[in-house]
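First comes the structure, then the notes that go with it.
There are 2 protein chains.
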Amino acid sequence: MFKTVEWTRNGVVMIDQRVLPGVEVYRTYKDYKGVAGAIKDMVVRGAPAIGVAAAMGAALGGLKIRSNDPAIFKKEFLNVCKVLAATRPTAVNLFWAIKRMKDVAARNDTCGVAALKMLLVAEALAIHAQDIAICKRMGRHGGKLFKNGYTVLTHCNAGALATAGYGTALGVIRAAIESGKKIKVFADETRPFLQGARLTAWELQKDGIDTTLITDNMAGYMMKKGLINAVVVGADRIAANGDVANKIGTYTVAILAREHRIPFYVAAPLSTIDLKIKHGDRIPIEERSSKEVTHIQGKMVAPKGIKVKNPAFDVTPNALVSAIITEKGVVRKPYVKGLKGLFD
Amino acid sequence: MFKTVEWTRNGVVMIDQRVLPGVEVYRTYKDYKGVAGAIKDMVVRGAPAIGVAAAMGAALGGLKIRSNDPAIFKKEFLNVCKVLAATRPTAVNLFWAIKRMKDVAARNDTCGVAALKMLLVAEALAIHAQDIAICKRMGRHGGKLFKNGYTVLTHCNAGALATAGYGTALGVIRAAIESGKKIKVFADETRPFLQGARLTAWELQKDGIDTTLITDNMAGYMMKKGLINAVVVGADRIAANGDVANKIGTYTVAILAREHRIPFYVAAPLSTIDLKIKHGDRIPIEERSSKEVTHIQGKMVAPKGIKVKNPAFDVTPNALVSAIITEKGVVRKPYVKGLKGLFD
Chain A
34 MFKTVEWTRN GVVMIDQRVL PGVEVYRTYK DYKGVAGAIK DMVVRGAPAI
84 GVAAAMGAAL GGLKIRSNDP AIFKKEFLNV CKVLAATRPT AVNLFWAIKR
134 MKDVAARNDT CGVAALKMLL VAEALAIHAQ DIAICKRMGR HGGKLFKNGY
184 TVLTHCNAGA LATAGYGTAL GVIRAAIESG KKIKVFADET RPFLQGARLT
234 AWELQKDGID TTLITDNMAG YMMKKGLINA VVVGADRIAA NGDVANKIGT
284 YTVAILAREH RIPFYVAAPL STIDLKIKHG DRIPIEERSS KEVTHIQGKM
334 VAPKGIKVKN PAFDVTPNAL VSAIITEKGV VRKPYVKGLK GLFD
Chain B
34 MFKTVEWTRN GVVMIDQRVL PGVEVYRTYK DYKGVAGAIK DMVVRGAPAI
84 GVAAAMGAAL GGLKIRSNDP AIFKKEFLNV CKVLAATRPT AVNLFWAIKR
134 MKDVAARNDT CGVAALKMLL VAEALAIHAQ DIAICKRMGR HGGKLFKNGY
184 TVLTHCNAGA LATAGYGTAL GVIRAAIESG KKIKVFADET RPFLQGARLT
234 AWELQKDGID TTLITDNMAG YMMKKGLINA VVVGADRIAA NGDVANKIGT
284 YTVAILAREH RIPFYVAAPL STIDLKIKHG DRIPIEERSS KEVTHIQGKM
334 VAPKGIKVKN PAFDVTPNAL VSAIITEKGV VRKPYVKGLK GLFD
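See below:
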């Protein structure tokens with residue numbers, strides 16, 4: 034089985050998600066700037082995986098700081114965190130993981146730099162290990178929502194490749210199957226980055242899960258034909274009111290699901306829930322390069338000079354969300370109360 | 034300006050729409066089988082353009098029949114028509130154009146084969162010329178629906194490339210602009226064949242029309258942001274009740290338009306209206322090769338062996354259609370009465 038992000042003696046190793054499924058290449062990053070670049074360029078993507086990678090990047094950055102002076106170390110470590118935090122704006126797991134790393138540094142500012150470095154590495158490894166455990170718990174809670182024989186639509190990749198392993202949305206599907214149910218999957222290809230075609234189809238196929246690939250604009254047709262029983266997606270940030278920022282196109286899938294009376298589930302760890310943001314419209318939406326739209330795998334598919342919009346995410350209003358699946362259980366409306374309750 | 038389909042001394046010439054916008058290549062088809070292949074392979078596409086190409090293919094097939102015996106000519110000509118009719122199932126303009134050609138043959142079965150051949154060529158040229166005139170009339174009727182300053186979303190390509198020239202949906206946009214209004218366009222890229230990115234963006238850019246390209250899954254986001262004032266699309270077949278078969282994804286755009294209280298217009302000539310089909314669910318939907326989904330411009334973007342669905346069209350129920358723009362005027366609900374009235 035592949036590993037999405039791994040801490041090794043040589044550095045942080047990541048499977049290059051830009052070139053899957055054609056090539057399975059692992060890249061090794063020996064300093065935090067390399068990790069920051071990998072997050073920005075989407076070598077690694079998916080909110081939980083970005084969090085894990087950023088934590089490892091921070092640990093790596095900490096290890097490489099030469100000074101043994103705690104004050105200098107602190108200053109340089111905060112700069113490492115700043116660079117890592119500036120990579121992508123929408124997925125809150127990035128900031129959550131960096132905050133955990135900063136907290137370790139703040140809590141242990143008297144133990145000496147050498148010990149602190151080890152604590153930072155340990156924290157990154159803990160975040161990694163916890164992420165897999167959290168996905169499995171999410172799966173146990175969410176898997177119950179799918180009946181035997183269901184065909185489930187997913188958008189983007191919220192799988193093992195988007196996490197430390199197992200996945201959020203795909204973890205729920207995996208758990209349902211592991212509990213003995215027959216579940217089939219429809220995967221939206223998810224333009225422009227094609228996470229569905231390249232990543233979801235690839236990892237589900239590796240697991241022998243019955244998967245059918247469609248273009249994003251076919252989901253409505255499949256629902257109208259009665260071929261979809263439920264939708265499950267991941268999330269990049271969930272506001273306190275249950276509004277969900279996720280990969281561009283998720284909002285449309287949610288509208289289609291309601292139109293066809295199909296439940297629309299979101300699977301995400303607590304680290305994706307941002308109680309500081311009251312409404313989804315305050316979640317910053319990343320606008321990425323127009324080249325992601327005009328070029329596909331290096332091939333130009335649009336006329337030169339054409340104007341492009343490329344928002345990487347959209348926000349699905351809480352009213353369209355049937356339930357949010359977390360590692361602490363399944364939350365339903367009213368979300369303000371339910372989500373807050375998870376943290377009490 | 035480019036020509037989509039043209040009758041020349043050397044054969045039927047078509048711009049190869051599979052390789053636009055990277056390359057502007059014209060292909061010459063010297064026999065009807067070549068024309069049939071070009072329709073099947075989508076060298077030419079778009080319901081009206083398919084009709085024109087099929088008529089020219091039939092004329093070409095007629096010209097090449099060697100026998101001067103009217104009975105043998107008739108038999109061979111019907112075979113030509115049969116081959117052309119078997120190319121694509123959804124766009125009714127194909128069958129409409131072939132029927133016009135067959136009717137010419139039937140009406141003139143006593144004038145001698147040499148004269149009949151000329152009449153068939155004349156009919157194909159008439160269909161071509163009428164198609165442009167019809168688009169311009171559609172534009173005059175439909176252009177009034179757009180207010181100055183509107184931004185209009187379109188899906189697929191219902192432009193000059195989908196017709197003999199000017200376009201249906203894009204013809205309406207062109208007419209509104211020609212009448213002095215400022216109109217901007219958002220173009221869905223329209224996977225899997227990318228007619229929006231490759232064709233609509235290209236032909237609107239050539240005309241200097243302000244065009245922004247988005248992936249199909251971004252339309253909902255743009256509507257939610259208030260960036261879209263109206264939608265206009267073409268059609269491949271319209272049932273007697275106003276249900277509209279059009280490029281896959283149109284149904285989703287229509288649901289999104291209603292959700293955001295944006296008018297959803299369909300522009301199509303009478304030759305696209307099929308009164309023999311009562312409801313849209315009886316319109317045959319073409320399923321095309323899975324390779325169109327797994328490969329983009331020859332590049333593989335999905336794991337080998339993945340299952341794929343590739344319906345080329347979907348059906349938008351009449352309830353979601355604000356108006357149908359034809360060369361005889363704009364039809365609104367109830368469509369059964371309005372559409373029938375067009376033919377009286």
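Chains as they are written, first to last, in our numbering: chain A, 34 to 377; chain B, 34 to 377.
From the three backbone atoms N, C-alpha and C, an ideal C-beta is built for every residue, glycine too.
Model, not experiment: these values are computed from the prediction.
Listed in chain order, the non-local C-beta contacts of T245/B below 6 Å within the same chain comprise F219, local neighbours out to five positions each way being set aside. If you draw a 10 Å sphere on the C-beta of D314/B, you find fewer than 16 other C-beta atoms in it, and that means exposed. Collapsing the DSSP output to three states places H312/B in coil. Three or more Cβ pairs closer than 8 Å define a contact, and the stretch 341 to 353 of chain B meets that threshold against the stretch 247 to 256 of chain A.
Around the Cβ of L194/B, a 10 Å sphere holds 16 or more other Cβ atoms; the residue is buried. Under the 10 Å beta carbon count, F376/A is surrounded by fewer than 16 other beta carbons and is classified as exposed.
Under the three-pair Cβ rule at 8 Å, the stretch 206 to 217 of chain A does not count as touching the stretch 295 to 313 of chain B. Taking a contact as a CB-CB distance under 8 Å, the pair L153/A and A138/A counts as one, their CB atoms being some 7 Å apart.
If you draw a 10 Å sphere on the C-beta of M256/B, you find 16 or more other C-beta atoms in it, and that means buried. Within chain B, the residues P336 have their CB atoms less than 7 Å from the CB of W235/A, given in chain order. In the DSSP assignment, K324/A falls within the unbroken alpha helix (DSSP H) covering K324 to T327.
Between M134/B and A91/B, the C-beta gap is smaller than 8 Å, which places the two residues in contact. Residue contact with chain B for E320/A: absent (no Cβ-Cβ distance below 8 Å to any residue of chain B). Between the stretch 170 to 188 of chain B and the stretch 289 to 299 of chain A there are fewer than three inter-stretch CB-CB distances shorter than 8 Å, so the stretches are not counted as touching. Contact between the stretch 350 to 367 of chain B and the stretch 265 to 278 of chain B is present: 3 or more CB-CB pairs across the two stretches fall below 8 Å. Within the same chain, and ignoring the five residues on either side of G95/A in sequence, the residues whose Cβ sits closer than 6 Å to its Cβ are F110, K150 and L153. Shown in chain order are the members of the stretch 340 to 351 of chain A whose Cβ falls below 7 Å from a Cβ of chain B: K340, V341, K342, P344 and D347. A direct Cα-Cα distance of roughly 37 Å separates F128/B from L227/A. Rounded to the nearest whole angstrom, the CA to CA distance from R170/B to G267/B is 15 Å. The CB of I288/A comes closer than 9 Å to the CB of G253, T285, I288, L289 and E292 in chain B, given here in chain order.
L117/A is the residue among R365/A, L117/A and K337/A whose C-alpha sits nearest the C-alpha of M89/A.
Per DSSP, M47/B is not a residue of any alpha helix (DSSP H); the beta strand (DSSP E) it occupies stretches across G44 to I48. Counting the other CB atoms within 10 Å of its CB gives Y59/B a total below 16, which places it among the exposed residues. Residue environment: M34/B is assigned as exposed (fewer than 16 neighbouring CB atoms within 10 Å of its CB, all protein chains considered). In the structure shown, the three-state DSSP call for I281/A is coil.
Neighbours of K36/B in chain A, taken as residues whose beta carbon is under 8 Å from its own, are absent, since the nearest beta carbon is some 18 Å off. Between I310/B and G374/A, the alpha-carbon positions lie close to 55 Å from each other.
Around P225/B, the beta-carbon contacts reaching into chain A at under 8 Å are T248.
Counting the other Cβ atoms within 10 Å of the Cβ of C144/B gives fewer than 16, which makes it exposed. K73/B and A82/B have their C-alpha atoms some 13 Å from each other.
The Cβ-Cβ distance between G241/B and A208/B does not fall below 8 Å. Between the C-alpha atoms of D142/B and P103/B there is a straight-line separation of about 7 Å.
Secondary structure at G331/B: coil, using DSSP grouped into helix, strand and coil. By DSSP's assignment, V56/B forms no beta bridge with any residue.
It is roughly 47 Å from the alpha-carbon of D136/A to the alpha-carbon of V286/B. In the displayed model, R140/B falls within a helix according to three-state DSSP.
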